[in-house]
Structure formats: C-alpha cells, structure tokens
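In this text, residue positions in the sequence shown follow the numbering used here: the first is 249, and each later residue adds one. Remarks on the structure that follows.
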Amino acid sequence: MLPNWVLFFLNGICHRNPAHALSTGGMPTLLCARCTGLFCASVLVLLLLALAGLRRHAGGLPPAAHGLAAALAVWWALDGVNSAAMVWLARPLAYEPTAALRTVTGAGMGMAMALEAWPLAASTLSSVPEPQPAVNSGWELAGLLASALLAALLLLSGRLPWILVAVWSLVGVAVAIGGANVLLLVLLTNSGRARFTGCRRIALVLGGLGLALIETGGLAWVRALTGT
C-alpha cells in the first residue's frame, strides 16, 4: 500500500468509494472506476501523441475530433448523473450503473481531455509551434479512441498488477493537474516559447506539481471537514 499522505491528497480528486473501485491484483484501485479510467486513458493518449513526434503540432483539431470529444464528455457526464442518482435516490435514472460503464466513460473523457488540451499545450510550451493539428484523419482519431478503450479493457480485466495500476493512476493525476498548473504558470509569468528551457523549465514543473498538492490537499481537507 501507499503512504497515508498520498491517499489523503487523492481524496481531493476522488471520493474513493470502495464500492465503486475496480479490483486488480485482488485489491481495490486507488481511485474509483471512473477516475481510474479517466486519468489512465488521458496520460496514455498524451504519451502516444508525444511519441508520434507531435509535440509542436498546435493547430486546431478538425471538427470530427471536437465532435467526438464533446460526445465522449456528454456520455461521461450522463453516466455520472445516472450513477449519482443511484447513490442519492437509491435508484438510477435510466439504467443500472456498472463498473464497466464507469471505466469506459471515464476513459472516453480522459481521451477527450487529452485531445482538447494538446493544441493549447503545444502552442504554449513549444519554442516553435507548428500550425498542423495533432490529429489529421479519421484513422488517427480511431486509433486514439481504440487506445483509450484498450486502457479501459485492461483495467477491467483485473489482471494488471496493483502497483502498475496505482503508478499509472498517480502519473495520470500528476500530468493532468500538474500539467494544467504549468500551463497557467507559463501564461501568468510569460515564460513560454524560447524562455521555457533549462532551470526555468524545472521550476515551472515543480511549481505546477506544488500547486497540484495545494489544490488537492485543500479539497481533501474540505471533504474531511464536511464529511463528503
């Protein structure tokens, strides 16, 4: 198991209800099924885009990519509302919630977040952004969607080592929240383009992670006080 202080910070981003967690390696995952799918899929999609050499591709996404991202986000939200109704009203609004749907919709939302965040990150952090979009064809979009779905299926299989899923989830959380903070710091300090190098790069990354700890810790503290 991980240190209690790590679990405390995770309480700030997920209710961590054991009944909604996945089981892997005979143990419940650190986050609920929805959050596990979201953060694991988002970091996987970002990694695939980076490995494809698209770090400077800051062009706007094609309409199909925006449409798919919006559809995945709406599906995630509707499934979340349906699941919340089961908790608060003791009955679902439309269908019985399942771990599989929570994980798959979470993975879809993770892909949507990664797709929409990529152009902003590339235009902000690249010293020489290029106008080409990161996704140019339906096949590329389908490949990323298949990757997110594969991540969800692997998580649902229960065969992955617990520590692998734990580290995967933690990296996803750090990249999503810390990365958003880094972008904010770059914009606020005018540290983009060629200035984003060397010691300043390290300082911004550490600053982003530090803010992430403050944000998640603050939310965890509020939840502890309110019992939510």
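Heads up, the beta-carbon is just placed ideally off N, CA and C, and yes, glycines get one too.
Separation of residue j from residue i, as counted between CA atoms
{"i": "A362", "j": "V434", "result": "19 Å"}
{"i": "G260", "j": "H314", "result": "29 Å"}
{"i": "W402", "j": "C447", "result": "Trp is not the amino acid found at residue 402; the sequence shown has Leu there. The alpha-carbon atoms of L402 and C447 are separated by roughly 38 Å."}
{"i": "S395", "j": "S375", "result": "29 Å"}
{"i": "A300", "j": "L258", "result": "31 Å"}
{"i": "W323", "j": "P310", "result": "20 Å"}
{"i": "E388", "j": "N330", "result": "31 Å"}
Test item: CB-CB of residue i and residue j under 7 Å
{"i": "M334", "j": "P345", "result": "yes"}
{"i": "W410", "j": "T272", "result": "yes"}
{"i": "N429", "j": "L454", "result": "no"}
{"i": "C262", "j": "C283", "result": "yes"}
{"i": "P276", "j": "A267", "result": "no"}
{"i": "A360", "j": "A400", "result": "no"}
Local conformation of residue i per DSSP, three classes
{"i": "T346", "result": "coil"}
{"i": "H305", "result": "strand"}
{"i": "L258", "result": "helix"}
{"i": "A300", "result": "coil"}
{"i": "P310", "result": "coil"}
{"i": "P276", "result": "strand"}
{"i": "L467", "result": "helix"}
{"i": "S290", "result": "helix"}
{"i": "S271", "result": "strand"}
{"i": "R407", "result": "coil"}
Selected residue, minimal CA-CA separation from residue i, among the options
{"i": "A422", "options": "S331, R264 and L292", "result": "L292"}
{"i": "L341", "options": "A348, L279, A332 and L373", "result": "A332"}
{"i": "A298", "options": "W366, V322, L279 and L250", "result": "W366"}
{"i": "R449", "options": "L326, L373, P276 and W336", "result": "L373"}
{"i": "L418", "options": "G285, H268 and S395", "result": "G285"}
{"i": "G427", "options": "L452, W416, N438 and L436", "result": "L452"}
{"i": "Y343", "options": "L326, L309 and G354", "result": "L326"}
{"i": "V254", "options": "A370, A300, V415 and L432", "result": "V415"}
{"i": "G328", "options": "L309, N252, G475 and A348", "result": "A348"}
{"i": "L320", "options": "G301, V352, L294 and L337", "result": "V352"}
{"i": "L279", "options": "F256, G308 and L392", "result": "F256"}
{"i": "G274", "options": "L408, N438 and T464", "result": "L408"}
{"i": "S405", "options": "E463, V322, A472 and A281", "result": "A281"}
{"i": "L392", "options": "A369, L412, N265 and E364", "result": "E364"}
{"i": "L436", "options": "I425, A424, G456 and G420", "result": "G456"}
{"i": "H305", "options": "P251, P377, L250 and N252", "result": "P377"}
{"i": "V383", "options": "G475, A312 and E463", "result": "A312"}
Heavy atom of the ligand ATP within 6 Å of residue i beta-carbon
{"i": "I411", "result": "This structure simply doesn't include the ligand ATP, nor any ligand for that matter."}
Complete beta strand (DSSP E) runs within the segment 334-382 (minimum length 3 residues, chain order): 378-381
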